[in-house]
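K.L.:
Take 2 as the starting number for the sequence shown in the numbering used here and just add one per residue. Idealized CB from N, CA, C, for every residue including glycine. To start, I am sharing the structure in question, which I have written as structure tokens.
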Amino acid sequence: MTWAEIQPLLTTACWETLYMVGWSTVITAAVGLPLGVLLVLTSRGGLLQNVVLNKVIGVVVNITRSLPFIILMVALIPFTRWLVGAAFGLNAAVVMLSVGAIPFFARLVETSIREVDPGLVEAVHAMGGNTRTVVVKALLPESLPSLVSGLTTTVIALVGYSAMAGTISAGGLGNLAWTYGYQRFENKVMVATIVLLIALVTAVQLAGDLTARALARRGARTSGAPGLRLLRAARVAETTETS
């Protein structure tokens with residue numbers, strides 16, 4: 002194949018990969034974030050302690066995470082067909098990618114929130130702040146740089162998952178590498194898809210690192226000493242409850 006023949010194929014495949022990864026990232030963040038927060042709140046000693054619910058969620062998350070993605074895709078075919086009316090294609094791949102990434106991101110959210118200083122939570126709670134105030138005003142803002150790093154890791158995993166989804170006719174760079182690079186022995190196509198995947202992962206990692214560092218520096222400037230952070234969190238809780 003000539004470069005003139007390869008170029009439109011690469012362009013289409015890139016847009017398909019961005020479509021799959023973009024939408025599955027949005028769905029993963031929308032579902033995985035509250036799921037991770039719920040894992041923390043319902044754990045032993047949490048603000049909404051519910052050991053049974055926590056165990057049930059934990060088991061579901063662990064089972065989903067333990068399955069290799071290629072097996073998970075096959076297992077999800079009936080569910081995907083029921084949800085979007087198709088077992089293959091871009092929209093079906095978005096469903097599969099989201100289901101595979103949500104438990105992964107939820108565990109990263111749980112880890113990030115557990116790193117927050119417990120003194121902040123106690124200060125907000127002691128001033129009468131309810132659970133919602135603790136989550137919105139203390140846990141999420143304090144863990145934001147770590148959450149961004151976790152989301153970056155998740156997006157990179159989704160790029161890898163999307164390449165695997167290409168082997169079941171989901172489209173994207175993985176499908177192009179499989180159908181042209183492997184099955185038709187077009188080495189130029191294989192090399193080009195590998196370079197594009199590396200560039201995409203590098204760009205995501207770079208953007209995520211820069212964003213996380215900027216948020217960490219801004220948090221350090223605005224928060225100041227631990228004592229001031231506790232006082233500020235308590236005042237925020239008091240203001241929120243009285244408004």
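1. Measuring straight from C-alpha to C-alpha, what distance separates glycine 228 and aspartate 118?
2. Going by C-alpha distance, which of Gly175, Leu216, Ala171 and Val149 is nearest alanine 87?
3. Give, in chain order, every unbroken run of the alpha helix (DSSP H) that is at least 4 residues long and sits entirely within the segment 113 to 140.
4. Quick check on the DSSP output: the alpha helix (DSSP H) that includes proline 9 runs from which residue to which?
5. How would you write the range of the alpha helix (DSSP H) that glycine 55 sits in, first residue to last?
6. For isoleucine 64, is the classification buried or exposed, using 16 other Cβ atoms within 10 angstroms of its Cβ as the cut-off for buried?
7. I need the straight-line Cα distance from threonine 212 to valine 202, nearest angstrom please.
8. So valine 135 and histidine 126 are in contact, right, with Cβ under 8 Å, and what is the actual spacing, rounded?
9. Is it buried or exposed for tyrosine 181, if we count other Cβ within 10 angstroms and need 16 for buried?
10. Less than 8 Å between the CB atoms is what I'm expecting for valine 205 and valine 156, so what's the real figure, rounded?
P.N.:
Straight from the coordinates:
1. Confidence at glycine 228 is low in this model, with a pLDDT of 49, below 50, so the placement of that residue should be treated as unreliable; the coordinate-derived value is given next. In a straight line, the C-alpha of glycine 228 is about 11 Å away from that of aspartate 118.
2. Ala171
3. 119 to 127
4. 4 to 42
5. According to the sequence provided, residue 55 is asparagine. The question's glycine does not apply to it. Segment 52 to 67, the alpha helix (DSSP H) holding asparagine 55.
6. exposed
7. 15 Å
8. 6 Å
9. buried
10. 5 Å
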